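Numbering (this note's numbering), first residue to last: 6 to 360.
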């Protein structure tokens with residue numbers, strides 16, 4: 006074998022690239038390793054397209070480079086190259102080849118698109134995903150449940166998601182599930198999945214979603230999570246989701262009183278209480294969520310303190326956590342650090358539910 010070191014370097018390069026793609030498998034925004042059937046079919050279509058495009062590239066590049074080398078001008082050569090004014094057979098061939106290749110791409114593409122319009126099975130779970138500036142609202146019309154910024158689903162379940170917008174154009178996307186559809190104001194779109202099998206039956210699997218349509222100041226901070234549970238755990242979650250907060254300590258009681266007296270209840274809903282607001286995210290199950298402010302802050306005491314303090318002290322467009330957020334209190338509104346501590350205890354501890 007000629008040049009063994011050259012072949013070895015080439016082999017090592019391909020091995021490195023292959024291992025690099027496998028490293029992307031667990032990244033939250035990867036589209037290479039899909040966990041749904043539809044996402045896998047999209048990747049297979051991309052692979053087919055990539056193979057065809059690669060073959061076309063080499064089919065053109067290799068003869069082109071050979072022609073440059075073979076017919077290059079030599080020193081002292083003053084002859085005029087032979088002029089060719091066209092070849093009808095070759096022109097027809099170069100027209101037919103792209104047409105055939107496009108047909109090979111067109112047919113599976115249309116088949117894949119039409120699958121999204123197939124009639125869903127009778128046991129399909131229906132969810133409404135309503136996009137707001139800049140958070141996500143998820144409603145389960147058959148269960149009477151509303152959540153915010155976390156979409157909880159059972160494993161191996163056909164799910165039909167109706168996409169809506171409360172204001173401007175947004176776009177729904179879970180990279181590892183595949184598919185990307187716009188949320189249009191005044192219109193309804195739909196996207197369907199068969200949810201993946203759970204890898205972590207205890208804690209559930211979390212898949213990051215994102216708005217991918219530029220929708221304003223905090224577009225980059227408009228995230229959500231799709232949470233996949235085993236069917237038994239999802240049923241338990243659905244049964245306990247509507248339970249009222251379990252206020253057990255004096256600090257939580259103070260936080261509840263503050264929540265009801267500081268006008269929080271006019272924007273937010275907490276099932277089982279008098280809080281029935283329709284403007285902000287539903288906080289019924291807030292204690293079980295991992296993130297605050299649509300994936301911007303961790304859902305813990307420190308994150309809650311930062312979020313509330315930023316909303317009280319900042320005025321648009323000078324907010325630090327989420328510029329342009331509607332959660333800004335009016336002048337004269339005050340929250341002491343003790344008030345925030347009490348509100349945090351109420352919102353994080355008493356709304357955390359066992360399921």
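Idealized CB from N, CA, C, for every residue including glycine.
Treat the numbers as computed from the prediction; the structure is a model and nothing was measured.
Let's see if you can read the secondary structure: which residues bound the beta strand (DSSP E) around residue i?
i           : result
residue 156 : 155-159
residue 224 : Counting along the chain, residue 224 falls outside any beta strand (DSSP E), and DSSP gives it neither H nor E.
For residue i and residue j, which I take to be in contact (beta-carbon distance under 8 Å), what is that distance rounded to the nearest angstrom?
i           : j           : result
residue 146 : residue 155 : Not confirmed; about 17 Å, so no contact.
residue 34  : residue 213 : 6 Å
residue 302 : residue 326 : 7 Å
residue 282 : residue 250 : With a Cβ gap of about 15 Å, residue 282 and residue 250 do not count as contacting.
residue 215 : residue 178 : 6 Å
residue 252 : residue 355 : 5 Å
residue 246 : residue 292 : With 8 Å as the limit, residue 246 and residue 292 do not qualify as a contact, their Cβ atoms being about 12 Å apart.
residue 68  : residue 76  : About 11 Å; that fails the 8 Å criterion.
residue 129 : residue 93  : That pair is no contact at about 56 Å.
residue 317 : residue 297 : Residue 317 to residue 297, Cβ: 15 Å. No contact.
residue 273 : residue 279 : The Cβ separation is near 11 Å, so there is no contact.
Going by the CB atoms, is the gap between residue j and residue i shorter than 8 Å?
i           : j           : result
residue 173 : residue 138 : yes
residue 197 : residue 125 : yes
residue 313 : residue 348 : yes
residue 152 : residue 290 : yes
residue 109 : residue 57  : yes
residue 140 : residue 286 : yes
residue 157 : residue 242 : yes
residue 193 : residue 168 : yes
residue 225 : residue 188 : no
residue 329 : residue 228 : no
residue 351 : residue 264 : yes
residue 176 : residue 186 : yes
residue 54  : residue 201 : no
residue 117 : residue 47  : yes
residue 234 : residue 203 : yes
residue 310 : residue 345 : yes
residue 37  : residue 106 : no
residue 115 : residue 161 : no
residue 284 : residue 331 : yes
Starting from residue i and walking both ways along the alpha helix (DSSP H), at which residues does that stretch end?
i           : result
residue 73  : 42-75
residue 240 : 236-245
residue 307 : 306-318
residue 284 : From DSSP, residue 284 is part of no alpha helix (DSSP H); its letter is neither H nor E.
residue 347 : 342-349
residue 93  : 93-120
residue 257 : 255-266
Any idea which residues DSSP pairs residue i with across the strands?
i           : result
residue 164 : 130, 198
residue 139 : According to DSSP, residue 139 bridges with nothing at all.
residue 214 : 229
residue 175 : 188
residue 426 : Lying before the first or after the last residue shown, residue 426 is absent from the chain, which here runs from 6 to 360.
residue 170 : 136, 190
residue 274 : 281
residue 296 : 303
Quick check: is the beta carbon of residue i nearer than 8 Å to any beta carbon in chain B?
i           : result
residue 115 : Of the chains in the structure shown, none is chain B; there is only one protein chain.
Sufficient close CB pairs (3 or more, under 8 Å) joining the region 202-214 to the region 232-240: yes
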